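Before any comments, here is the structure.
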Amino acid sequence: MTALDIQLNPDILPKLGLNPKQLEAVRYFGGPVLILAGAGTGKTKTLTSKIALLIASGVSPTRILAITFTNKAAQEMQHRIAKLVPYGPSVASLHSGGMWTHTFHSFGARVLRQYGRHINIKPHFAIYDEDDQKKLIQLSLEELGLESEKTKAGLYVSLISRAKDDLLDAGSYLINAQAAGDENRLKTAQIYLRYQKKLNEAGALDFGDLILRTAELLKESDEVREYFQEYFQYVLVDEYQDTNHAQYVLVKTLSAKKRNLCVVGDPDQSVYGWRGADIRNILEFEKDFTDAKTIVLEQNYRSTSRILQASNAVIRHNKGRKPKDLWTEKPDGEAVQLLEFANEMEEAKGIMEKVKRLTAPGDFGYNDIAVFYRTNAQSRSFEETFRAARIPYRLIGSVRFYDRKEIKDTLSYLKVLVNPADTVSLLRIINTPARGIGKTALEKLLLYARENDAGIYDSMLKEEQVPGLTPAARRGIREFIAMLDDVKSDMFTNTPTLMLEKILNRSGYWKSIEDEMEKDKEGTNDRLGNLQELVNAVKEFEDKVLKEGGTPNLYKYLEEVALASQVDALNTDTHAVTLMTVHLAKGLEFPVAFLTGLEDGLFPINSANSSDEHMEEERRLAYVGMTRAKDRLFLTWANTRRIFGTTYPCMASRFIFESKVAAREIQRRSASGETGQEQEAPVPPSSIPRIGKGRRVAHPIYGPGRVVDQIGSGELAKVTVVFDSGVRQTFMLKYAPLQQI
């Protein structure tokens, strides 16, 4: 018998195909367990196998809570489990969507819709994304007389989101600010208070609320807390290294009674500290659960041995980690290659040529190749170069389908049908298309709402009491309300697809775009095509829900859209090269990967003035990028890069030297004049040498040269060298493999 008080069913184990460590993790049910799963070590397989064993041993899928970080991962997990345990009455709930397989945010939304009434949350709340939050912050700033701060709306969204990650509501944040006596924090506290008031008036929650308010619910309601602590027989959390404080408290609360908790993660892949993730949650798991068992998965099934050797060499420089070294039974594979270029455009061209050579023999397709970069701005050179070369590419992280204007407009109509109090959505569509409710009329409505402590929609219902409105504005408001009432009349009997088509026609939105056709045929066709694609998306949603045995409705569809991430929509079957930031690459894999822009100051960002914690996160990010590659890995950098119109000299990233992959000499002025040559010979990182101005030095890549300048000292010492080839380069002495000659 296990701590779960169940008899494990061993019949399922042989067909799982697990290695010894995976099998140990799957079979362990003696209390809290931490599975340290390195990149490509089969953590999803281990998690799904553990859940399959639970179900095969008699635990109902509905009594298991599995939390992941993307909807795509949650769906993949459920699909795999269904394949492993395809039969039996207990599996019926799994196929009908009964299992609690969620992201943290979708779990919070589900709990709050069902039980939020205990803390005065209505079930049909809207979920505000970052764009909605910015608009609400701007309205709050206007009301507070801080119009000059409106350009900082994004900053205040970030500050408030981080506060919620730390379980600080507006009142608690104000108390802390008062105690600190910090004027900036006091101002932020006032904005937070007003923003939260308007959020409540709109019947909306932001992403931070989905966790904070769920934690609040479990704290305030003994009934709800005890129900869930008893209901979930087992709790599993994926990507535990990326949890923030609020998520950490939520997990501890849910598993406090039964203590049947399994967390899976890798401190070496914790790369979201900038958005609230706390690596200490996984590093200190054994302190939180002193009886916890730790199992380390190190056998990698993704990458070649040479890729793993380079990746391990980089991450070993971090101190804040749990020791492990990935290994594989796969062949050594091709050497990790270094490609050096004159500038960012040459970098893009060189990678484009390399892509052509890789795909020409047919060994790799475009969809097998990914180009990773540190910042979104770097994508431009790759886009332009690939477009000119007629190489198809998909750009992940650009404007999402659901962020396009016509899609947001249409979804705002649907949101107002569901929740008329939704301020941001209402303001977006009230005069779209134009119906006589212009800027002046809106200002009068907002003023009336503020003075009467009412919502915008309620104020519109009393338009005859709003002073200063023109007859045309009053008529437009009445027609708008009548249109919404007409469409809503059969909202509970019509399918979401029919509701969408009705609102597009009845609102005049579809016709307004068709009327623009003569002005901009190409652009309008794109917008009409996007609207048609939205109709397709809603129909696909309906089909999926019906297949699972549920009843499709607008509420569920809008929630699914709100919680979708950029990576959820990634289709690697498309015949195109993938372009994306390294952050978005986490959790993915490609046969060929280019990790680009590896220059100190860019990757790692701001290296000279960075804290140790920041540098370790940058190194983890490089490690994540490197371990996405299965067969071929290329590390690239440029000697110069244009930033805000000015060209700056660059030095190769310390991560290149730490990888111990480096370099036979590049002949900068060889007869071919070729850049981007491939490098293979190992170069150990050097200690910090004392090299004075005027000294002759040699570099394994740039050759011999003379030091012309030295600044700083110790860890931050830099030298500028003019090489005999004419190249001028600046290095951090701590990392540059310079030898005096």
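Taken in order, the sequence shown gives residues 1076 to 1816; the numbers are from this note's numbering. In this text, a Cβ means the ideal position worked out from N, Cα and C, and glycines have one as well. On a predicted model such as this, the values are computed, not experimentally measured, just so you know.
Inset, instruction - Select from Leu1489, Phe1439, Ala1637 the residue whose C-alpha is nearest the C-alpha of Lys1705. - result: When only C-alpha atoms are compared, the closest one is Phe1439.
Legend entry - the region 1204 to 1216 in contact with the region 1648 to 1663 per 3-pair CB rule at 8 Å: The answer is no - the region 1648 to 1663 does not touch the region 1204 to 1216, with fewer than three Cβ pairs under 8 Å.
Inset, instruction - Just tell me which of Arg1694, Met1574, Glu1404, Ile1766 has its CA closest to the CA of Ser1728. - result: Closest option to Ser1728, Cα to Cα, is Arg1694.
Inset, instruction - For my contact list, Asp1407 and Arg1377 are in at a C-beta cut-off of 8 Å; report their separation, rounded to the angstrom. - result: Their Cβ separation, rounded to whole angstroms, is 15 Å, which puts Asp1407 and Arg1377 out of contact at 8 Å.
Inset, instruction - Return helix, strand or coil for Lys1537, following the three-state DSSP convention. - result: Of the three classes helix, strand and coil, the one that applies to Lys1537 here is coil, per DSSP.
Inset, instruction - Kindly indicate which residue of Lys1158, Glu1218, Val1134, Tyr1723 has the alpha-carbon position closest to the one of Glu1518. - result: Cα-wise, what sits closest to Glu1518 is Glu1218.
Inset, instruction - Following the continuous beta strand (DSSP E) through Thr1176, name the residue where it begins and the one where it ends. - result: Unbroken beta strand (DSSP E) run through Thr1176: 1175 to 1178.
Inset, instruction - Could you please give the first and the last residue of the uninterrupted beta strand (DSSP E) stretch that includes His1774? - result: Under the DSSP assignment, His1774 falls in the beta strand (DSSP E) whose first and last residues are 1771 to 1774.
Legend entry - Reference Lys1768, options Val1782, Glu1538, Asp1497, closest by Cα: The candidate whose alpha carbon is nearest that of Lys1768 is Val1782.
Legend entry - Sequence-distant residues of the same chain with beta carbon closer than 7 Å to Lys1399, five excluded per side: Counting only Cβ-Cβ distances below 7 Å, and skipping sequence neighbours, we find Leu1111, Gly1113, Val1371, Glu1373.
Inset, instruction - Could you have a look at Leu1579 and say whether DSSP puts it in helix, strand or coil? - result: DSSP, reduced to helix, strand and coil, places Leu1579 within a helical segment of the structure shown.
Inset, instruction - Report all residues from its chain with a CB closer than 6 Å to the CB of Ala1385; omit the five preceding and five following residues, and keep chain order. - result: Hits under 6 Å: Val1411, Ser1734, Val1736.
Inset, instruction - Please classify Tyr1309: is it buried, with 16 or more other beta-carbons within 10 angstroms of its beta-carbon, or exposed? - result: Counting Cβ neighbours within 10 Å, Tyr1309 comes out buried, since at least 16 surround it.
Legend entry - Residue environment, Trp1349, which counts as buried when at least 16 other CB atoms sit within 10 Å: By the neighbour-count rule (16 or more Cβ atoms within 10 Å), Trp1349 is not buried but exposed.
Inset, instruction - In angstroms with no decimal places, state the Cα-to-Cα distance between Met1726 and Gln1804. - result: If I take the Cα positions, the gap works out to 6 Å.
Inset, instruction - Would you decide whether Lys1090 is buried or exposed? Buried here means 16 or more other CB atoms lie within 10 Å of its CB. - result: Residue burial is scored here from C-beta neighbours: Lys1090 has fewer than 16 other C-beta atoms within 10 angstroms and is therefore classed as exposed.
Inset, instruction - For the region 1499 to 1533, list the alpha helix (DSSP H) runs that are entirely contained and at least 4 residues long, ordered along the chain. - result: As far as the region 1499 to 1533 is concerned, its whole alpha helix (DSSP H) runs of at least 4 residues are 1514 to 1526.
Legend entry - Distance, Ser1454 Cα to Met1655 Cα: Annotation: Met1655 to Ser1454 spans about 8 Å, alpha carbon to alpha carbon.
Inset, instruction - Look at Asn1356 and His1650 and say whether their C-beta atoms are less than 7 Å apart. - result: Between Asn1356 and His1650, the C-beta gap is not smaller than 7 Å, which leaves the two residues out of contact.
Legend entry - Simplified DSSP assignment, three categories, for Asp1400: Secondary structure at Asp1400: coil, using DSSP grouped into helix, strand and coil.
Legend entry - Opposing strand residues paired with Tyr1190 [DSSP bridges]: Partner(s): none; Tyr1190 has no beta bridge.
Inset, instruction - Please determine, among Gln1785, Glu1692, Val1794, the residue with the shortest C-alpha to C-alpha distance to Val1346. - result: That would be Glu1692, whose Cα lies nearest to the Cα of Val1346.
Inset, instruction - My understanding is that Val1338 touches Phe1360, with C-beta atoms under 8 Å, so please give their C-beta distance in whole angstroms. - result: Confirmed, about 6 Å.
Legend entry - Gln1071 to Ala1245 span [Cα, whole Å]: Because the chain spans 1076 through 1816 in this model, residue 1071 falls outside it and cannot be assessed.
Legend entry - Start and end residues, alpha helix (DSSP H) containing Glu1733: That run of the alpha helix (DSSP H) goes 1729 to 1733.
Inset, instruction - Pull up the CB-CB distance for Gln1316 and Asp1341, whole angstroms please, since I reckon it's below 8 Å. - result: The Cβ separation is near 6 Å, so the contact holds.
Inset, instruction - Name the two residues that bound the continuous beta strand (DSSP E) containing Val1783. - result: Annotation: the continuous beta strand (DSSP E) that includes Val1783 extends over 1778 to 1786.
Inset, instruction - Report the residue from Arg1510, Asp1560, Pro1571 whose alpha carbon sits nearest the alpha carbon of Pro1546. - result: Looking at the Cα atoms, Arg1510 is the closest of the given residues.
Inset, instruction - Determine the direct distance from the alpha carbon of Arg1703 to that of Phe1709, and round the result to whole angstroms. - result: The C-alpha of Arg1703 is placed about 11 Å away from the C-alpha of Phe1709.
Inset, instruction - Spatial neighbours of Leu1673 within its chain, please: CB distance less than 8 Å, with the 5 preceding and 5 following residues excluded, ordered by chain position. - result: Setting aside the 5 residues that flank it on each side, Leu1673 is surrounded in the same chain by Ala1697, Leu1710, Thr1711, Trp1712, Ala1727, Ser1728, Phe1730, Ile1731, each with a C-beta closer than 8 Å to its C-beta; the list follows chain order.
Inset, instruction - Would you tell me roughly how many angstroms separate the C-alpha atoms of Glu1224 and Ile1212, rounded to the nearest one? - result: Between Glu1224 and Ile1212, the C-alpha separation is close to 10 Å.
Inset, instruction - Starting from Thr1656, trace the beta strand (DSSP E) both ways and give me its first and last residue. - result: Note, Thr1656: beta strand (DSSP E), 1652 to 1656.
Inset, instruction - Have a look at Lys1197, Ile1588, Gly1283 and flag the residue whose alpha-carbon is nearest the alpha-carbon of Ala1238. - result: Considering only alpha carbons, the answer is Gly1283.
Inset, instruction - Run through the region 1088 to 1162 for me and flag every whole alpha helix (DSSP H) of 4 or more residues, listed as ranges in chain order. - result: With a minimum length of 4 residues, the continuous alpha helix (DSSP H) runs that stay inside the region 1088 to 1162 are 1095 to 1102, 1118 to 1131, 1146 to 1159.
Legend entry - Proximity winner among Pro1107, Asp1784, Leu1109, Thr1123, relative to Val1092 (alpha-carbon distances): Val is not the amino acid found at residue 1092; the sequence shown has Gly there. Nearest option by C-alpha distance: Thr1123.
Legend entry - Per-residue DSSP class, three states only, for Leu1808: In the structure shown, Leu1808 sits in coil (DSSP, three-state: anything other than H, G, I, E or B).
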